[in-house]
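Engineer:
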Amino acid sequence: MPLEHSHKASDIAARLRAGPTASYLRDWVYGGIDGSITTFAIVAGSLGANLSTSVVLILGLANLLADGFSMAVANYSGTKSEQEDYQRLLTVEKKHLRLDPKGEQEEIRQIYKAKGFADAELETLVEIITSHRRTWLDTMMQEEYGLARPTRKAGYAALATFAAFVLCGSLPLVPFLFGMAASGLSTTLVTALAFFAIGAVKSHWSVRSWVRSGLETCLIGLTAAGIAWFVGYGLRVGFEL
């Protein structure tokens with residue numbers, strides 16, 4: 001079985017110099033699944049209510065732009081808040097290092113004592129970590145707060161969410177654009193394939209098989225759509241009575 005990356009000394013040094021790569025996978029998956037589900041839910045509800053094709057398209061397109069933008073803004077704000085919280089706690093730790101370095105050293109000592117280090121080995125480890133300020137701060141942030149240095153940019157996260165939302169969310173509307181909306185079957189098939197594709201692609205970053213991941217995402221999406229269809233159908237029947 002091949003290794004995922006080289007372990008030559010020069011390759012390791014180059015990889016570590018470059019630092020960790022920011023991942024926007026969750027933003028793509030979040031936006032893609034939500035875009036497909038919400039748009040298909042609107043389509044399914046509209047079909048259940050027996051609305052016209054033009055109304056379905058208007059509602060679907062309005063959802064794509066308005067809800068997609070809303071999700072992008074929310075993701076931007078959430079990512080920005082995470083970064084600001086990291087900076088707030090980092091400022092606290094810098095203050096503690098400046099005003100009470102001995103107390104911070106004791107925190108490092110107890111952190112690694114709990115990990116199984118003891119005696120001279122523990123003291124050597126404490127001395128090494130606390131002799132490098134950046135390493136000391138990173139260790140405190142990771143061990144005390146469970147936070148690593150942020151690498152994701154809020155703007156990129158928002159853009160990834162919006163792009164995935166619009167791209168995947170537009171698929172349930174494709175059959176309507178080509179006059180295939182007589183029954184919702186074509187829309188259901190296209191959207192089911194979109195759900196499956198999102199789940200299958202997501203499995204590349206998972207230990208689960210692409211089939212299982214695709215089927216799970218497809219089931220979640222179609223369940224949401226089924227609920228919307230029954231709500232639309234129920235309201236239509238209620239108004240007709």
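Quick note, the sequence shown lines up with residues 1 to 241 if you use the working numbering.
Beta carbons are placed, not taken as given, at the ideal position from N, Cα and C, and that holds for glycine.
Can you give the Cα-Cα distance for T79 and Y30, rounded to whole angstroms?
Structural biologist: Distance between the alpha carbons of T79 and Y30 is about 14 Å.
Engineer: Do you know how far the Cα of V190 is from the Cα of R98?
Structural biologist: Using only the alpha carbons, I get a separation of about 60 Å.
Engineer: Would you call the segment 140 to 153 and the segment 74 to 91 touching, i.e. three or more CB-CB distances under 8 Å?
Structural biologist: Judged by Cβ distances under 8 Å, the segment 140 to 153 makes contact with the segment 74 to 91, as three or more pairs qualify.
Engineer: To the nearest angstrom, how far is it from the Cα of G199 to the Cα of T151?
Structural biologist: Taking the straight line joining both Cα atoms gives about 25 Å.
Engineer: From R17 to M141, what distance separates their C-alpha atoms?
Structural biologist: Roughly 21 Å separates the two Cα atoms.
Engineer: Closest to A22 by C-alpha separation, out of L61, S209, Y156, would be which residue?
Structural biologist: Nearest option by C-alpha distance: Y156.
Engineer: Ordered along the chain, which non-local residues of its own chain (more than five positions away) have a Cβ less than 8 Å from that of L215?
Structural biologist: Result list for L215: F196, G199, in chain order.
Engineer: Pull up the CB-CB distance for G169 and T39, whole angstroms please, since I reckon it's below 8 Å.
Structural biologist: About 4 Å separates the two Cβ atoms, so the contact holds.
Engineer: Shorter than 6 Å, the distance from the beta carbon of L222 to the closest heavy atom of the ligand COA, or not?
Structural biologist: Although the ligand COA was asked about, the structure shown includes no ligands whatsoever.
Engineer: As an exercise, report each continuous beta strand (DSSP E) stretch of at least 3 residues that is fully enclosed by the segment 51 to 76, in chain order.
Structural biologist: List check, beta strand (DSSP E) in window: nothing returned.
Engineer: So the alpha helix (DSSP H) Y24 belongs to, where does it begin and stop?
Structural biologist: Taken as a continuous stretch (DSSP letters only), Y24 belongs to no alpha helix (DSSP H), as it is neither H nor E.
Engineer: Does DSSP classify F162 as helix, strand or coil?
Structural biologist: Three-state result, F162: helix.
Engineer: For L65, count neighbouring C-beta atoms within 10 Å of its own C-beta (all shown protein chains included) and say buried if the count is 16 or more, exposed if not.
Structural biologist: Per the 10 Å Cβ criterion, exposed.
Engineer: Roughly how many whole angstroms lie between the Cα atoms of K244 and S131?
Structural biologist: For residue 244 there is no data in the structure shown, the boundaries of the chain being 1 and 241.
Engineer: Suppose you measure from the CA of E121 to the CA of S6; what does that come to, to the nearest Å?
Structural biologist: Approximately 31 Å between the Cα atoms of the pair.
Engineer: Where does K95 sit, in a helix, a strand or coil, going by DSSP?
Structural biologist: In the structure shown, K95 sits in a helix (DSSP, three-state: H, G or I).
Engineer: Helix, strand or coil for L122 per DSSP?
Structural biologist: In the structure shown, L122 sits in a helix (DSSP, three-state: H, G or I).
Engineer: For T161 versus M71, is the C-beta spacing smaller than 7 Å?
Structural biologist: Yes; because the gap between Cβ atoms is below 7 Å, this pair is in contact.
Engineer: Is it true that the CB of V166 sits closer than 7 Å to the CB of G68?
Structural biologist: In this structure, V166 lies closer than 7 Å to G68 by Cβ.
Engineer: Report the residue from E123, Q105, A118, L193 whose alpha carbon sits nearest the alpha carbon of R133.
Structural biologist: Comparing Cα positions, the closest option is Q105.
Engineer: Compare the C-beta of L122 with all C-beta atoms of chain D and state if any pair is closer than 7 Å.
Structural biologist: Of the chains in the structure shown, none is chain D; there is only one protein chain.
Engineer: Taking a contact to mean a Cβ-Cβ separation below 7 Å, would you say R109 touches V126 in this structure?
Structural biologist: The answer is yes: Cβ separation under 7 Å.
Engineer: Do you know whose CA, among I37, K153, T53, lies nearest I220's CA?
Structural biologist: Of I37, K153, T53, the residue nearest in Cα terms is I37.
Engineer: If you drop the 5 nearest sequence neighbours on each side, which residues of the same chain put their C-beta closer than 6 Å to that of W28?
Structural biologist: A160, A164, listed in sequence order.
Engineer: With 16 other CB atoms within 10 Å as the buried threshold, where does D255 fall?
Structural biologist: The structure shown does not extend to residue 255, since the chain is modelled only from 1 through 241, so no value can be given for it.
Engineer: Which two residues bound the contiguous alpha helix (DSSP H) that contains K103?
Structural biologist: According to the sequence as given, residue 103 is Gly; it is not Lys. Start and end: 101 to 114.
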